[in-house]
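Below is one structure, written out as structure tokens; the observations come after it.
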Amino acid sequence: MTRIIVVTSGKGGVGKTTTSAAIAMGFAKKGHKTAVIDFDVGLRNLDLIMGCERRVVYDIVNVIYGEATLNQALIKDKHCENLYILPASQTRDKDALSQEGVGQILEELAAKDFKYIVCDSPAGIEKGAHLAMYFADDAFVVTNPEVASVRDSDRMLGILASKSRRAEQNLEPIKEYLLLTRYSAERVKIGEMLSVADVQDILSLHLLGVIPESKSVLTASNSGIPVILDEKSDAGQAYADIVARYLGEDKPHRFIEEKKGIFGKFFGSK
Amino acid sequence: MPTNSPTLEFKSGSFSVPILILFSDDLKAIGQQLQEKVDLAPEFFKNSPLIFDVQELNKLSRAIDIPALVDIIRQSGLLPTGIRGGTTQQNKEALALLIPVYSAHSSTPTSADTQAQKQKIIEPEPSVNASATIMTRPVRSGQRLYASGDLIVLAQVSAGAEIMAEGNIHVYNTLRGRALAGVQGNVDARIFCSDLQAELISIAGNYKISEDMRDVVSKKSVQIYLQGHTLIIKDII
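Take a look at the structure:
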């Protein structure tokens, strides 16, 4: 069975595309055939993060309008043969997407035996974000530990619960998971940032993982290699944990407590 | 906050309307006596709505001609807005003239009705309100919930969410959004919640915003009710 995952947040700049790229790569590396779709038509970024921007010929809008087949538009990833990227169009806007068109693409991907389809949602709650989440089975809600991001995530959760296909057809609701990104235990400690407990208190959502604020994310983005491939980095490890947890492995949460020096990192924290 | 303001809203209100009870089907006499009454206080009766009651006449099996009666009432400057105690045929005729039909029993309860009411007080209805709405999932920011009876929420109500009920509101979790009970003017409606951190609470239009609730201790069960025009927040032990 194909599982459609939307990576969403409401607010911009919280790490949706970084997360989409990382988890899609994570699934693929675990041997699952995975597609990642950029729904940010007009502000296409996923191809940059995935390092395939030089190989984009056709995009999702071309497929919807029948100007290219899905096979022509899907880009095979260089690092992992199980991973395919469907880029967004840079020259169009979100109105170029249609619900039927998106539904057809997802059906076709399911027919091609894709196990996971990761939908990278644009910011906002308008058409692009709506179509990215509409067909989803699971939602990864990416949130930064600050009040505006938390509130926007809450708003998004409301939309997932009322405007998705599953909601409209009275099916089992979308499974919602919380991903707390750009987390800094040091700043939480001095009260500059909301803690994991604060955010969970407001959103009351299943925590899939905490991704620490990390320089490796920026480095990875700039070089076009999903951060999960940087196995030495804390952010890379955090995403690997998240993928493992989603797939049912029991991994204790890391990166919530403050680092305790170089040895504490390995022996001290739980 | 709601993004688009509603165009209209239904509210219930009650006001008194004169009722004309007829004891005779003599249209001429009715016209004459009605005019005499109106002449006593012409300003009061001018364009006044009027419900006419033909129950007494029908008891005597004297079915009055409705269109003719309506004509006579209108000639005296009154605006007939309802019929009470009419026969099926009379009600039909009234409706044809766009005059609403009211049930005959509403204002003068018979002894049987009073009996039934007493019975009701002794044996209150089961506490589970048949018209209660139950919400088990969180009410998220931007969502609005309206219940025509009581509203029971078993999950949290987020900041930026709005829950409204014509009856009571129960929130068995944290209430961070807005809660408006008795929205149709029911001053006896109450709000119950196990953790009050609301942006706004209101009963029958009397409200408090979170600024006015600074001294409310969170994570404690409270009830909110109306005393005069003041909202009282009280712990439930």
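Here the protein sequences come in this chain order: L and Z.
Oh and the first sequence: position 211 is 210 in numbering that gives the first Met the number 0, straight run, nothing missing.
Oh and the second sequence: position 217 is 216 in numbering that gives the first Met the number 0, straight run, nothing missing.
For every residue, glycine included, the Cβ atom is placed at its ideal position computed from N, Cα and C.
All values reported here derive from a predicted model rather than from experimental measurement.
Any Cβ of chain B within less than 8 Å of the Cβ of residue i?
{"i": "Arg139(Z)", "result": "Checking the listed chains, one finds no chain B in this structure; the protein chains it contains are L and Z."}
Ends of the alpha helix (DSSP H) at residue i?
{"i": "Leu159(L)", "result": "146-162"}
{"i": "Gly81(Z)", "result": "No alpha helix (DSSP H) holds Gly81(Z); the beta strand (DSSP E) holding it covers 78-83."}
{"i": "Val101(L)", "result": "98-110"}
{"i": "Ala93(Z)", "result": "87-95"}
{"i": "Leu69(L)", "result": "69-72"}
{"i": "Ala128(L)", "result": "126-133"}
{"i": "Tyr238(L)", "result": "233-245"}
{"i": "Thr17(L)", "result": "15-28"}
{"i": "Asn46(Z)", "result": "Unbroken run through Asn46(Z): none, as it is neither H nor E."}
{"i": "Ser220(L)", "result": "214-222"}
{"i": "Ile48(L)", "result": "45-48"}
{"i": "Lys233(Z)", "result": "First-last for Lys233(Z): 229-234, but that is the beta strand (DSSP E), not the alpha helix (DSSP H)."}
{"i": "Leu33(Z)", "result": "26-39"}
Determine the extent of the beta strand (DSSP E) in which residue i is found, giving its start and end residues.
{"i": "Met163(Z)", "result": "161-164"}
{"i": "Asn205(Z)", "result": "205-208"}
{"i": "Asn169(L)", "result": "Per DSSP, Asn169(L) belongs to no beta strand (DSSP E) and is neither H nor E."}
{"i": "Arg177(Z)", "result": "177-180"}
{"i": "Val5(L)", "result": "2-7"}
Considering only the beta carbon of each residue, do residue i and residue j sit closer than 8 Å?
{"i": "Ala184(L)", "j": "Ile255(L)", "result": "yes"}
{"i": "Ile223(Z)", "j": "Arg175(Z)", "result": "no"}
{"i": "Ile48(L)", "j": "Thr7(L)", "result": "no"}
{"i": "Ile173(L)", "j": "Ala138(L)", "result": "yes"}
{"i": "Gly12(L)", "j": "Gly223(L)", "result": "no"}
{"i": "Gly9(L)", "j": "Ser152(L)", "result": "yes"}
{"i": "Leu150(Z)", "j": "Thr132(Z)", "result": "yes"}
{"i": "Gln32(Z)", "j": "Ile65(Z)", "result": "no"}
{"i": "Ala234(L)", "j": "Pro225(L)", "result": "no"}
{"i": "Ala135(L)", "j": "Ile36(L)", "result": "no"}
{"i": "Thr142(L)", "j": "Leu82(L)", "result": "no"}
{"i": "Asp46(L)", "j": "Asp119(L)", "result": "no"}
{"i": "Asp76(L)", "j": "Lys126(L)", "result": "no"}
{"i": "Tyr115(L)", "j": "Pro144(L)", "result": "no"}
{"i": "Arg73(Z)", "j": "Asp24(Z)", "result": "no"}
{"i": "Ala180(Z)", "j": "Asn167(Z)", "result": "yes"}
{"i": "Ser203(L)", "j": "Gln155(Z)", "result": "yes"}
{"i": "Val209(L)", "j": "His252(L)", "result": "yes"}
{"i": "Asp26(Z)", "j": "Leu68(Z)", "result": "The amino acid occupying residue 26(Z) in the given sequence is Leu; Asp does not appear at that position. Yes."}
{"i": "Val117(L)", "j": "Ala243(L)", "result": "no"}
{"i": "Leu78(Z)", "j": "Pro48(Z)", "result": "yes"}
{"i": "Asp52(Z)", "j": "Leu7(Z)", "result": "no"}
{"i": "Arg53(L)", "j": "Ile74(L)", "result": "no"}
{"i": "Leu225(Z)", "j": "Val170(Z)", "result": "no"}
Since residue i and residue j are thought to touch, with beta carbons under 8 Å apart, how far apart are those beta carbons, to the nearest angstrom?
{"i": "Ile50(Z)", "j": "Gly81(Z)", "result": "4 Å"}
{"i": "Gly123(L)", "j": "Asp92(L)", "result": "Their Cβ separation, rounded to whole angstroms, is 12 Å, which puts Gly123(L) and Asp92(L) out of contact at 8 Å."}
{"i": "Ser217(Z)", "j": "Asp194(Z)", "result": "6 Å"}
{"i": "Tyr238(L)", "j": "Ala72(L)", "result": "Actually they do not touch by this definition, with Cβ atoms about 26 Å apart."}
{"i": "Tyr176(L)", "j": "His205(L)", "result": "6 Å"}
{"i": "Ala160(L)", "j": "Arg139(Z)", "result": "6 Å"}
{"i": "Ala203(Z)", "j": "Gly227(Z)", "result": "Wrong, their Cβ atoms sit about 11 Å apart, outside the cutoff."}
{"i": "Thr180(L)", "j": "Leu108(L)", "result": "26 Å between Cβ atoms; not a contact."}
{"i": "Glu55(Z)", "j": "Phe14(Z)", "result": "With a Cβ gap of about 24 Å, Glu55(Z) and Phe14(Z) do not count as contacting."}
{"i": "Lys188(L)", "j": "Glu257(L)", "result": "6 Å"}
Rank the options by C-alpha distance to the C-alpha of residue i and give the top, closest one.
{"i": "Tyr101(Z)", "options": "Glu92(Z), Arg83(Z), Gln155(Z)", "result": "Arg83(Z)"}
{"i": "Gln89(L)", "options": "Cys79(L), Ile59(L), Gly65(L)", "result": "Ile59(L)"}
{"i": "Ala67(L)", "options": "Arg53(L), Glu80(L), Leu85(L), Glu52(L)", "result": "Leu85(L)"}
{"i": "Asp214(Z)", "options": "Ser157(Z), Gly227(Z), Asp234(Z)", "result": "Asp234(Z)"}
{"i": "Gln103(L)", "options": "Ala34(L), Pro251(L), Ile63(L)", "result": "Ile63(L)"}
{"i": "Gly148(Z)", "options": "Met212(Z), Ala164(Z), Ala158(Z)", "result": "Ala164(Z)"}
{"i": "Ser97(L)", "options": "Val146(L), Leu108(L), Ala128(L), Arg53(L)", "result": "Ala128(L)"}
{"i": "Asp200(L)", "options": "Ala95(Z), Leu39(Z), Gln196(Z)", "result": "Gln196(Z)"}
{"i": "Met155(L)", "options": "Val140(L), Arg164(L), Val146(L)", "result": "Val140(L)"}
{"i": "Ile63(Z)", "options": "Ile202(Z), Leu97(Z), Gly85(Z)", "result": "Gly85(Z)"}
{"i": "Glu198(Z)", "options": "His169(Z), Gly159(Z), Asn167(Z)", "result": "Gly159(Z)"}
{"i": "Val152(Z)", "options": "Phe14(Z), Leu56(Z), Phe191(Z)", "result": "Phe191(Z)"}
{"i": "Ile200(Z)", "options": "Lys219(Z), Ile231(Z), Glu92(Z)", "result": "Ile231(Z)"}
{"i": "Lys10(Z)", "options": "Ile236(Z), Leu97(Z), Val182(Z)", "result": "Val182(Z)"}
{"i": "His78(L)", "options": "Tyr57(L), Ala27(L), Arg43(L)", "result": "Ala27(L)"}
{"i": "Tyr206(Z)", "options": "Ala178(Z), Lys45(Z), Val37(Z), Val53(Z)", "result": "Ala178(Z)"}
{"i": "Ala87(L)", "options": "Ala110(L), Asn70(L), Tyr57(L), Ile189(L)", "result": "Tyr57(L)"}
{"i": "Gly157(L)", "options": "Pro137(Z), His169(Z), Tyr145(Z), Val170(Z)", "result": "Pro137(Z)"}
{"i": "Ser232(L)", "options": "Gln168(L), Val149(L), Ser213(L)", "result": "Ser213(L)"}
Output, in sequence order along the chain, the residues in the segment 67-94 of chain Z whose CB is closer than 7 Å to any CB in chain L.
-> none
Could you run through the segment 155-170 of chain Z and flag, in chain order, every residue whose CB is less than 9 Å away from some CB of chain L?
-> Gln155, Ser157, Ala158, Gly159, Ala160
What residues in the segment 1-20 of chain L bring their beta carbon closer than 8 Å to a beta carbon of chain Z?
-> none
Residues in the segment 143-159 of chain L having any Cβ partner in chain Z nearer than 7 Å | Arg150, Asp153, Arg154, Leu156, Gly157
Taking any Cβ of chain L, which residues in the segment 172-204 of chain Z have a Cβ under 7 Å from it, in chain order?
-> none
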